[in-house]
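In what follows, a single structure is set out as structure tokens and then discussed.
Protein chains: 2
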Amino acid sequence: MNRTPGQRAGLDAGTVLRAALELLESGGVDAISMRRLADRLGVLPNAIYSHIPDRMSVLDGLLDLVLAQVRPPARGDGLARVELLMRRIWLELKRHPDLAPHLFSRQQLGPHALRLGHLTATWLAGAGLPADRAGQAMRVLMIYVIGAAAAELPPPASRPGTGRASTATFEAGLRWLLAGIATEIS
Amino acid sequence: MNRTPGQRAGLDAGTVLRAALELLESGGVDAISMRRLADRLGVLPNAIYSHIPDRMSVLDGLLDLVLAQVRPPARGDGLARVELLMRRIWLELKRHPDLAPHLFSRQQLGPHALRLGHLTATWLAGAGLPADRAGQAMRVLMIYVIGAAAAELPPPASRPGTGRASTATFEAGLRWLLAGIATEIS
DNA sequence: ACCTGAACACCGTTCAAGT
DNA sequence: ACCTGAACACCGTTCAAGT
Chain A
1 MNRTPGQRAG
11 LDAGTVLRAA
21 LELLESGGVD
31 AISMRRLADR
41 LGVLPNAIYS
51 HIPDRMSVLD
61 GLLDLVLAQV
71 RPPARGDGLA
81 RVELLMRRIW
91 LELKRHPDLA
101 PHLFSRQQLG
111 PHALRLGHLT
121 ATWLAGAGLP
131 ADRAGQAMRV
141 LMIYVIGAAA
151 AELPPPASRP
161 GTGRASTATF
171 EAGLRWLLAG
181 IATEIS
Chain B
1 MNRTPGQRAG
11 LDAGTVLRAA
21 LELLESGGVD
31 AISMRRLADR
41 LGVLPNAIYS
51 HIPDRMSVLD
61 GLLDLVLAQV
71 RPPARGDGLA
81 RVELLMRRIW
91 LELKRHPDLA
101 PHLFSRQQLG
111 PHALRLGHLT
121 ATWLAGAGLP
131 ADRAGQAMRV
141 LMIYVIGAAA
151 AELPPPASRP
161 GTGRASTATF
171 EAGLRWLLAG
181 IATEIS
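Chains as they are written, first to last, in this note's numbering: chain A, 1 to 186; chain B, 1 to 186.
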């Protein structure tokens, strides 16, 4: 290393997360290792632990970074607005299909995930769903959206034609789900 | 090792997979390593490669072992029969929530996964869905079922109360999905 | 064909020490 | 507080050799 002990490298959590995003986009989740991250940042592996607790937290941060990109629809009425939001979440998540499953296994969700969940539940209630049903429907929709994103083929081979087909399937399922949810409106 | 070169340990793919299942049930997917597997089988790590190509294939085999346990409902009419099958798949998959996401990332599904998918599509078509819609609905249902299983809390802490709540949520979502799918019947 | 022995190229994480 | 240096306890996988 060019640096002697005590010299700063100017790292922070944001820098580490941005480097992790580059690794993710070039080689998928498996390419994200603390050591490769350190290499890319010009630092020794353990230096990262001054800014991020462990590798799991890197994936957590990455996921919230991805969800931060989702722009909730400004207007729209009832379930149509929810449908549009789900579509936007799916579009963002499916850019990293192998990262998406990580959302399932996390017990503590990030701020942006919580924000999108709360928004969804609020809009569902606003559309006329009873409070308990709104919470259930929100969780069901999230499960479907995350699952559909995870089901997209991993980065390696992006064969043509499957893109349109998977979009049609996702949207068909989303419509079916919302049609069923609509029957809960009194 | 007690064995000298050339002596057999009596391994085969089935034995390895059963040992992997034990590791899975005691410590989750992360506990499944080629070296721990070898330890448990009284063999050196590389001996496993005589029976299974790599670690990914172990998870593949494990998943198909789990899906082999699913007993398709013998009788029932139309969508109700599909609903029952989905419920059974979910019950089996959610026993290993951290293994379930692996079904998403696999490009080549195992024989039992294919069998269940084919059965589902057949029954959907039998209920009156057009062929292309039946295939779509099958994929949508699988995405939801696998996602719902993966969303179950990991093994470590099984706190009481969440079990019933998650079952209710899963079944509500399944009903909504099938209600939507039913509208496709001409 | 099925195993041992040995090695390669990695991992995540911790601890002590320097500034 | 933020980094280096060094180490610990792991990984998956490959290759050569023995029977």
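In this text, a Cβ means the ideal position worked out from N, Cα and C, and glycines have one as well.
* Would you tell me roughly how many angstroms separate the C-alpha atoms of Ala149 (chain A) and Asp12 (chain A), rounded to the nearest one? => Spanning the two alpha carbons is a distance of roughly 30 Å.
* Asked: Taking a cut of 7 Å between CB atoms, which residues from the region 126-147 of chain B lie near chain A?
  -> Under the 7 Å Cβ criterion, the region 126-147 of chain B contributes Gln136, Arg139, Val140, Ile143, Tyr144, Ile146, Gly147.
* **Contact with chain B by Leu153 (chain A), beta-carbon distance below 9 Å** => Interface residue, yes.
* To do: With Gly128 (chain A) as the anchor, note down where its alpha helix (DSSP H) starts and where it stops.
  => Under the DSSP assignment, Gly128 (chain A) falls outside any alpha helix (DSSP H); it carries neither an H nor an E label.
* Exposure of Met142 (chain B), with buried meaning 16 or more beta-carbon neighbours within 10 Å -> With 16 or more other Cβ atoms within 10 Å, it is buried.
* Span of the alpha helix (DSSP H) around Arg35 (chain B) -> Element bounds for Arg35 (chain B): 34-41.
* By how many angstroms is the C-alpha of Thr167 (chain A) removed from the C-alpha of Glu22 (chain A)? -> One alpha carbon belongs to Glu22 (chain A), the other to Thr167 (chain A), and they sit about 26 Å apart.
* Could you name the residues of the same chain whose beta carbon sits closer than 8 Å to that of Ile185 (chain A), not counting the 5 residues immediately before and after it, in chain order? => Cβ neighbours of Ile185 (chain A) beyond the five flanking positions: Ala127, Gly128, Leu129.
* Asked: Applying a beta-carbon distance threshold of less than 9 Å, which residues of chain B neighbour Asp98 (chain A)?
  -> Within chain B, Phe104, Ser105 have C-beta atoms less than 9 Å from the C-beta of Asp98 (chain A), given in sequence order.
* Do you know offhand how far Leu67 (chain A)'s Cα is from Val58 (chain A)'s? -> If you take the alpha carbons of Leu67 (chain A) and Val58 (chain A), they lie about 14 Å apart.
* For a contact meaning CB atoms closer than 8 Å, what does Ile181 (chain B) contact in chain A? -> Within chain A, the C-beta atoms nearer than 8 Å to that of Ile181 (chain B) come from Trp176, in chain order.
* Residues of chain B with CB under 7 Å from Pro221 (chain A), in chain order? -> In this structure chain A extends from 1 to 186, so residue 221 (chain A) is not present and cannot be described.
* Asked: With 16 other CB atoms within 10 Å as the buried threshold, where does His118 (chain B) fall?
  -> His118 (chain B) is exposed by the Cβ-count criterion.
* What are the boundary residues of the alpha helix (DSSP H) that Arg81 (chain B) is part of? -> Arg81 (chain B): member of the alpha helix (DSSP H) spanning 78-93, first to last residue.
* To do: Give the secondary structure of Glu171 (chain A) by DSSP, where H, G and I count as helix, E and B as strand, and everything else as coil.
  => Under the three-state reduction of DSSP, Glu171 (chain A) is assigned to helix.
* Asked: Which term fits Tyr144 (chain A), buried or exposed, when burial requires 16 or more other beta carbons within 10 angstroms of its beta carbon?
  -> Residue environment: Tyr144 (chain A) is assigned as buried (16 or more neighbouring CB atoms within 10 Å of its CB, all protein chains considered).
* Indicate whether at least one CB of chain B lies closer than 9 Å to the CB of Ser186 (chain A). => Any Cβ of chain B closer than 9 Å to the Cβ of Ser186 (chain A) would place that residue at the interface, and such an atom is absent.
* Selection from A:Leu116, A:Gly27, A:Ile48, A:Leu84 that minimises the alpha carbon distance to Arg35 (chain A) -> The candidate whose alpha carbon is nearest that of Arg35 (chain A) is A:Ile48.
* Beta carbon proximity, Thr122 (chain B) to chain A, threshold 9 Å -> The beta-carbon of Thr122 (chain B) is placed no less than 9 Å from the nearest beta-carbon of chain A.
* In terms of residues, what are the limits of the alpha helix (DSSP H) holding Thr15 (chain B)? -> Start and end: 13-27.
* To do: Take Leu24 (chain B) and list the residues in its own chain whose beta-carbon comes closer than 8 Å to its own, dropping the five residues that flank it on each side.
  => Cβ neighbours of Leu24 (chain B) beyond the five flanking positions: Ala31, Ile32, Leu62, His96, Leu99.
* Asked: Sorted by chain position, which residues of the same chain lie with C-beta nearer than 7 Å to Phe170 (chain B)'s C-beta, five sequence neighbours on each side aside?
  -> So the qualifying residues of the chain are Trp90, Ala148.
* Asked: Helix or strand or just coil, what does DSSP make of Asp60 (chain A)?
  -> Of the three classes helix, strand and coil, the one that applies to Asp60 (chain A) here is helix, per DSSP.
* To do: Whole angstroms is fine: what's the gap from His112 (chain A)'s alpha carbon to Ala125 (chain B)'s?
  => Cα to Cα, the separation comes out at about 40 Å.
* **Cβ-based contacts, 9 Å cut-off: residues of the region 21-35 of chain A near chain B** => Residues are counted here when their Cβ sits less than 9 Å from a Cβ of chain B; for the region 21-35 of chain A the count is zero.
* **Any chain B beta carbon closer than 9 Å to Gly173 (chain A)** => Yes - at least one Cβ of chain B is within 9 Å of the one on Gly173 (chain A).
* To do: Using three-state DSSP, classify Ser50 (chain A) as helix, strand or coil.
  => In this structure, Ser50 (chain A) counts as helix in the three-state DSSP scheme.
* **DSSP state of Ser186 (chain A) mapped onto helix, strand, coil** => Residue state, collapsed to three classes: coil.
* Asked: Anyone know if the C-beta pair for His102 (chain B) and Val29 (chain B) falls short of 9 Å?
  -> Yes, Cβ-Cβ distance for His102 (chain B) and Val29 (chain B) is below 9 Å.
* So His96 (chain B) is in the alpha helix (DSSP H); what residue range does that whole segment cover? -> Premise fails: His96 (chain B) is in no alpha helix (DSSP H) and is neither H nor E.
* Which residues bound the alpha helix (DSSP H) around Leu103 (chain A)? -> 102-105 is the span of the alpha helix (DSSP H), which, as asked, contains Leu103 (chain A).
* For Ala9 (chain A), which three-state DSSP category applies? -> When DSSP states are grouped into helix, strand and coil, Ala9 (chain A) belongs to the coil group.
* To do: Take Ser50 (chain A) as the anchor and find which of A:Gly135, A:Leu178, A:Phe104, A:Gly10 has the nearest alpha-carbon.
  => Looking at the Cα atoms, A:Gly10 is the closest of the given residues.
* Length of the line joining the Cα atoms of Ala38 (chain A) and Pro45 (chain A) -> Each residue's Cα considered, the two are about 5 Å apart.
* To do: Would you please verify whether the beta carbon of Ala113 (chain B) is less than 9 Å from any beta carbon of chain A?
  => Not an interface residue.
* Asked: How big is the Cα-Cα spacing for Gly14 (chain A) and Ala20 (chain A)?
  -> Each residue's Cα considered, the two are about 10 Å apart.
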